[in-house]
Every structure is written in structure tokens, then in C-alpha cells.
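Engineer: Below: one structure in C-alpha cells.
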DNA sequence: TGAAAATGATTGCCTAGGCAACCATTGTCT
DNA sequence: AGACAATGGTTGCCTAGGCAATCATTTTCA
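Protein chains in written order, with the working numbering: chain R, 302 to 471; chain W, 302 to 471.
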């Protein structure tokens, strides 16, 4: 295991993972949303349809985790997509808690329809990168994602000294 | 200029820039917010203080662009930070529209105080990467950011055929 | 087994952030 | 110069999304 790369003394955000990844996101999102601005589908809705299409998610809870959104918010968005006939809900036989989300043919068509402008955007943005560099970047991010998925969530430090007896977390 | 890397036919999100960068963000944010959950400072507020500290931003408008947030929202957040004595506003002499945001000593202290847990987090996440790989990733993202900053925003296609006379954009 | 914990889905409520309107100031173009 | 566009900041209003409570179901484990 190599020694830590980042240091708290001499921290500079322009060379930090958090700053750079966040900046990429903050610059990308407005472009993506602008592409969808004149459509009757929001960027978030499209991502959801694509997630279902690609099997990355197949339930409401999957989408919530995937989008890092609240489960309630996703329920309401799914309501909307269902109302428009882009997907349907189907109670699972194996686990009767879960409701599977199934794209309708229209849903698949709408998802596919919006792929080209997004692909064009990324081709423009990466047009000064070699194929090897793009591949390198995708690979490194994929590995980073695997590590992030494995990272346990931070626990809040207890405010008072903890006694032997375990305290209710409230 | 190399030929386009991404293609709309055979699109797979797990090998797409948009999906991967978004996923990194969606996995990272909850961890960062968890670190701040028991503090009396939000992650967004900390980012703002750091942006001011590092000279990445020095006005409310800078912060709004930087965070990809609404200017109004930033005004209110700055109100809060000012009320807590972490920064002060100072009307610029050169351009009397702008209000410079100046960190107070307490503001600087609070910003610095929260650096270590974030740095630790990123060192844990990247502990299976070599220094060269981390550097490579940071470099590629930096170049990507430069291209994103240069990319012009998407214009909505006009709904009707455009006449010679330029139309008001409303 | 069966009690407690975990998970999925949904709803009501509330807040952070988006939108639009506004004013002040500066930059641009003729 | 002076008209008009662009920019910075602020406010009121509204909505998307977060939080918490609830119920149904499943999993865990003593």
C-alpha cells in the first residue's frame, strides 16, 4: 500500500480529487440540462430511463441509490413517467415488497432518441484527447467508483463519552 | 483531430463519460456530507469558504458559477456565513456593482479545521492507486475541465422556421 | 419459532435552491 | 454623448428533492 498521496497541510483544491470531480460535474450538468431544456423530458428523467434500459437499475429504490436522490422523490418521478406511458410498475413475485419498473416500447424509444446529442457533446469535449487517454480516464474512474462503493459511510462521533451500555441512536 | 470516440449506436453508460463522472459525484457527496453531518457547517458552506480561501472565487457571483447554484441561493448562504462571522462583505472600489467576500480569521480557521477528514477520506479511497495513477487522473480531469469551460452552451432549436429578421429571444 | 431489524414503497411536510423581476453599475456600439 | 446590452446583487415566489412517519414484507439471529 503506497503512502498517502494527499496532505492536509499544503492542500490546494485545484489538485484535489474532490474539487476536480465536482467541477467536472458542475460544468457538465448545465450543458446536459440545456440539451433537454426544450424537450418534454428532463435530464434526470432521461438518466432514469437509461438506467432501466441498461439494467443498472430495475426498481425505484435502485434509481434512488443510483441518482443519490430521496426515495420519495423517485416515487413521484416514477409516477410521472408511468403517467406518460414510458414505463409500468409490476409487483415482484419473488419479493412482494419490490415493484419492478419496466420500460414500455415508447419508453425505450424516448430513451434512445436522446442519446445522440449527449454523445455528440462528449465527443466535442473530448476531441483533443487520444483514444488511449479517454480509455485511461474511463478506466481510472471505473476503479475509483469501485473503491467508493466499498468505502463505509462515516459515523458521527458521539457527543458525550460513550458508556459501556450501547446508546440508542435516536 | 482524432475521430469521435463515443458512438450513439452501441452506447453503454458504464463506459460513458457522463455516467462515470456522475457516478463518482453521486458516491462521493454522501460521504462528504456525512463527514459534516455532526458539524455546524454544511459541506456546501465549507466548499464556499475553501473557494474564497484559495482565491478560486472572491464574490457571490463567482461562488454561484463555481457551485453551479443560483445567485439568489448564494446570497442567502453568504448572509448566513456573514451572520456567523466567518466572512464579511466589502463593496469593491473599482467596480461598484461587486461585493467582495473576505474571510475573517474565524472563517479561515473553520475552513482549515475541516480539511483533514476530507483529505483522509480521499487517501483511503485512492489507497490502491499508485502516485502516478492519481497524478494521471488529476491531469486528465484538469484537461477535461478546461475543455468544458470552453464549450459553448447548447442553444434551443427554434420551434418554427427562422425568418431573415432576427427574432426576439423573449 | 418468533422478535427485532432491515428493506421497499409511499405520503405529508418542509427547506434549499431555481426562476423571474428588479435596481445599480459598467461595458459596448453608433 | 447616449442608448442598449451585460453583469452583480437582492428579493419574492415556487418547485424539486430531503426528512420522517407509516405500512408491508423479508431477513436475521437468539
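For each residue, glycine too, the CB sits at the ideal point set by N, CA and C.
(1) Using a Cβ-Cβ cutoff of less than 8 Å, which residues in the same chain neighbour residue 399 of chain W once the five nearest sequence positions on both sides are dropped?
(2) Counting only Cβ pairs nearer than 8 Å, list the residues of chain W close to residue 437 of chain R.
(3) Tell me the residue span of the beta strand (DSSP E) that contains residue 388 of chain W.
(4) With 9 Å as the C-beta to C-beta threshold (strictly closer), list the residues of the stretch 308–323 of chain R near chain W in chain order.
(5) Starting from residue 431 of chain W, find everything on chain R with Cβ-Cβ shorter than 8 Å and list it in chain order.
(6) Measure the Cβ-Cβ separation of residue 388 of chain W and residue 375 of chain W and say whether it is below 9 Å.
(7) Would you please verify whether the beta carbon of residue 373 of chain R is less than 9 Å from any beta carbon of chain W?
(8) Taking 8 Å as the cut-off, does the stretch 311–325 of chain R touch the stretch 436–444 of chain W (at least 3 CB pairs, one atom from each stretch)?
(9) Could you tell me whether any Cβ in chain R is nearer than 9 Å to the Cβ of residue 386 of chain W?
(10) How would you list, in chain order, the residues of chain R whose beta-carbon sits under 9 Å from the beta-carbon of residue 335 of chain W?
(11) Thinking residue 351 of chain W and residue 412 of chain W are a contact (beta carbons under 8 Å), I'd like their distance in whole angstroms, please.
(12) If residue 390 of chain W sits next to residue 402 of chain W, beta carbons under 8 Å apart, how far is it from one beta carbon to the other, in whole angstroms?
(13) Which value, in whole angstroms, describes the spacing of the CA atoms of residue 430 of chain R and residue 407 of chain W?
(14) Please state if the CB of residue 427 of chain W and the CB of residue 320 of chain R are separated by a distance shorter than 9 Å.
(15) Helix, strand or coil for residue 350 of chain W? Go by DSSP, reduced to three states.
(16) What in chain R is Cβ-close to residue 414 of chain W, meaning under 9 Å?
(17) Determine the burial state of residue 333 of chain W: buried for a count of at least 16 other Cβ atoms within 10 Å of its Cβ, exposed for fewer.
(18) With distances taken between CB atoms, is the gap from residue 326 of chain W to residue 415 of chain W smaller than 9 Å?
(19) Using DSSP with H/G/I as helix, E/B as strand and the rest coil, what is residue 304 of chain R?
(20) Does the CB of residue 326 of chain W have a neighbour CB from chain R at under 9 Å?
(21) So that I know if they touch, is there some Cβ in chain R lying closer than 9 Å to that of residue 353 of chain W?
(22) For residue 402 of chain W, which three-state DSSP category applies?
(23) Does residue 470 of chain W get closer than 9 Å to chain R when you measure Cβ to Cβ?
(24) Step through the CB atoms of chain R and report whether any lies within less than 9 Å of the CB of residue 427 of chain W.
(25) Per DSSP, what kind of secondary structure is residue 322 of chain W in: helix, strand or coil?
(26) Using a Cβ cut-off of 9 Å (strictly closer), state whether residue 411 of chain W contacts chain R.
(27) Taking the beta carbon of residue 447 of chain W as the centre, do at least 16 other beta carbons fall within 10 Å, making it buried, or is it exposed?
(28) Step through the CB atoms of chain W and report whether any lies within less than 9 Å of the CB of residue 329 of chain R.
(29) For residue 356 of chain R and residue 384 of chain W, what's the separation of their Cα atoms in angstroms?
Structural biologist: According to the structure data:
(1) Excluding residues within five positions, the ones whose Cβ falls inside 8 Å are 360, 362, 392 and 393.
(2) By Cβ distance, chain W contributes 437 and 441.
(3) Taken as a continuous stretch (DSSP letters only), the beta strand (DSSP E) holding residue 388 of chain W covers 388–392.
(4) Per Cβ criterion, the list reads 308, 309, 310, 312, 313, 314, 315, 316, 317, 318, 319, 320, 321, 322 and 323.
(5) Per Cβ cutoff of 8 Å: 303.
(6) No Cβ-Cβ contact shorter than 9 Å links residue 388 of chain W with residue 375 of chain W.
(7) No, residue 373 of chain R lies away from the interface with chain W (no Cβ there is under 9 Å from its Cβ).
(8) They touch, by the three-pair rule.
(9) It does not; no Cβ of chain R falls within 9 Å.
(10) Listed along chain R, the residues sitting closer than 9 Å to residue 335 of chain W by beta-carbon distance are 454, 455, 456 and 457.
(11) Taking C-beta atoms under 8 Å as the contact rule, residue 351 of chain W and residue 412 of chain W qualify, at a distance of about 5 Å.
(12) Sure, about 6 Å apart at Cβ, within 8 Å.
(13) Rounded to the nearest angstrom, the two C-alpha atoms are 43 Å apart.
(14) In this structure, residue 427 of chain W does not lie closer than 9 Å to residue 320 of chain R by Cβ.
(15) Residue 350 of chain W: helix per DSSP, three-state reduction.
(16) The premise fails here: residue 414 of chain W is roughly 10 Å from chain R at the closest Cβ pair, so nothing lies under 9 Å.
(17) A residue is called buried once 16 or more other Cβ atoms fall within 10 Å of its Cβ, and residue 333 of chain W is buried on that count.
(18) The Cβ-Cβ distance between residue 326 of chain W and residue 415 of chain W does not fall below 9 Å.
(19) It is coil, neither helix nor strand.
(20) Yes, residue 326 of chain W lies at the interface with chain R (some Cβ there is under 9 Å from its Cβ).
(21) It does not: the Cβ of residue 353 of chain W has no partner Cβ on chain R nearer than 9 Å.
(22) Residue 402 of chain W falls in the strand class under three-state DSSP.
(23) Note that residue 470 of chain W scores a pLDDT of 30, beneath 50, so its modelled location is shaky; the value from the coordinates is reported in the next line. Not an interface residue.
(24) So yes, residue 427 of chain W belongs to the interface.
(25) The answer is helix: DSSP assigns residue 322 of chain W an H, G or I state.
(26) Not one chain R Cβ lies under 9 Å of residue 411 of chain W.
(27) Exposed, because fewer than 16 other Cβ atoms sit within 10 Å of the Cβ of residue 447 of chain W.
(28) Interface flag for residue 329 of chain R against chain W is set, since a Cβ pair is found closer than 9 Å.
(29) Residue 356 of chain R and residue 384 of chain W: Cα-Cα distance of roughly 48 Å.
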